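First the structure, in the form of structure tokens, and then the observations on it.
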Amino acid sequence: GAVVSQHPSRVICKSGTSVKIECRSLDFQATTMFWYRQFPKQSLMLMATSNEGSKATYEQGVEKDKFLINHASLTLSTLTVTSAHPEDSSFYICSAPPPGLVAQPQHFGDGTRLSIL
Amino acid sequence: KQEVTQIPAALSVPEGENLVLNCSFTDSAIYNLQWFRQDPGKGLTSLLLIQSSQREQTSGRLNASLDKSSGRSTLYIAASQPGDSATYLCAVEGGGSEKLVFGKGTKLTVNP
Chain B
11 GAVVSQHPSR VICKSGTSVK IECRSLDFQA TTMFWYRQFP KQSLMLMATS
61 NEGSKATYEQ GVEKDKFLIN HASLTLSTLT VTSAHPEDSS FYICSAPPPG
111 LVAQPQHFGD GTRLSIL
Chain Y
8 KQEVTQIPAA LSVPEGENLV LNCSFTDSAI YNLQWFRQDP GKGLTSLLLI
58 QSSQREQTSG RLNASLDKSS GRSTLYIAAS QPGDSATYLC AVEGGGSEKL
108 VFGKGTKLTV NP
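Protein sequences appear in the order of chains B and Y. The opening position of the first sequence corresponds to residue 11 in this note's numbering, with each subsequent residue numbered one higher. The opening position of the second sequence corresponds to residue 8 in this note's numbering, with each subsequent residue numbered one higher.
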């Protein structure tokens, strides 16, 4: 079964709406989670690193006041797209590295398709 | 800045054919390289992870190789099936950060 759950899978809303996306690790604790964005025919681009108990780290060019990240517990990170506009329409996906010393692939959520009208 | 390139962007083959997908990266100082599969509108499924000290990894009909010094990796798919149709993504992880840098992917279509 899925070890990272992302919700909702699809959102369609009007311009100016704020949208919250949740990312949960189901059977492990994640002190760090990552948020990516994928525009059509483009690669996944890292937006920010979500850190449990501290501020998120944003990649260059990503507005921290527009994309609010909260990592309130060891199993939940949320991304809120504030006052969303059509150019924010994209595929948002989160990932969490599993715990342990041995290199393991990150677990990804199923993504959220955001469409702003 | 790390850049990952995947060639070809799209590939269409008849069922049963063996095929190779290519990935190159500009900075050889990587921690590992990962291959993922992405179905339309879906999340990512991890296929193979190659640590920087390894040369290849195999899983079923999939074999991935890594030549870190030349900045190249290949994903070999044997005896392709229609169910293999998907976009295949290559990603590299830099030392210690766990951040992944992705290529744009290769869209594979296997025709029955």
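The beta-carbon is built from N, C-alpha and C at its ideal position, and this holds for glycine as well. Note that the coordinates shown come from a computational prediction; the quantities given were computed from them, not determined experimentally.
Whole-angstrom distance between residue j and residue i, CA atom to CA atom
i	j	result
residue 120/Y	residue 94/B	Nothing can be reported for residue 120/Y: it is not among the residues displayed for chain Y, which extend from 8 to 119.
residue 102/B	residue 12/Y	21 angstroms
residue 125/B	residue 105/B	21 angstroms
residue 98/Y	residue 60/Y	16 angstroms
residue 104/Y	residue 67/B	12 angstroms
residue 38/B	residue 14/B	9 angstroms
residue 36/B	residue 85/B	7 angstroms
residue 48/B	residue 55/B	6 angstroms
residue 85/Y	residue 118/B	26 angstroms
Short Cβ contact (7 angstroms threshold) for residue i with residue j
i	j	result
residue 64/B	residue 87/B	no
residue 69/B	residue 57/B	yes
residue 66/Y	residue 40/Y	no
residue 89/B	residue 45/B	yes
residue 32/Y	residue 78/Y	yes
residue 115/B	residue 56/Y	yes
Per-residue DSSP class, three states only, for residue i
i	result
residue 89/Y	helix
residue 96/B	helix
residue 39/B	coil
residue 24/B	coil
residue 27/Y	strand
residue 10/B	As shown, chain B starts at 11 and ends at 127. That puts residue 10/B outside it, with no answer to give.
residue 125/B	strand
residue 50/Y	coil
Residue i: first and last residue of the uninterrupted beta strand (DSSP E) it sits in
i	result
residue 63/Y	63–66
residue 74/Y	69–74
residue 58/B	55–61
residue 109/B	Residue 109/B -> no beta strand (DSSP E), and no H or E assigned at all.
residue 21/Y	17–21
residue 114/Y	113–118
residue 108/Y	107–109
residue 87/B	86–91
*At a cut of 8 angstroms, does the segment 111–119 of chain Y reach the segment 15–23 of chain Y through at least three beta carbon pairs?*
Yes: at least three Cβ pairs fall under 8 angstroms.
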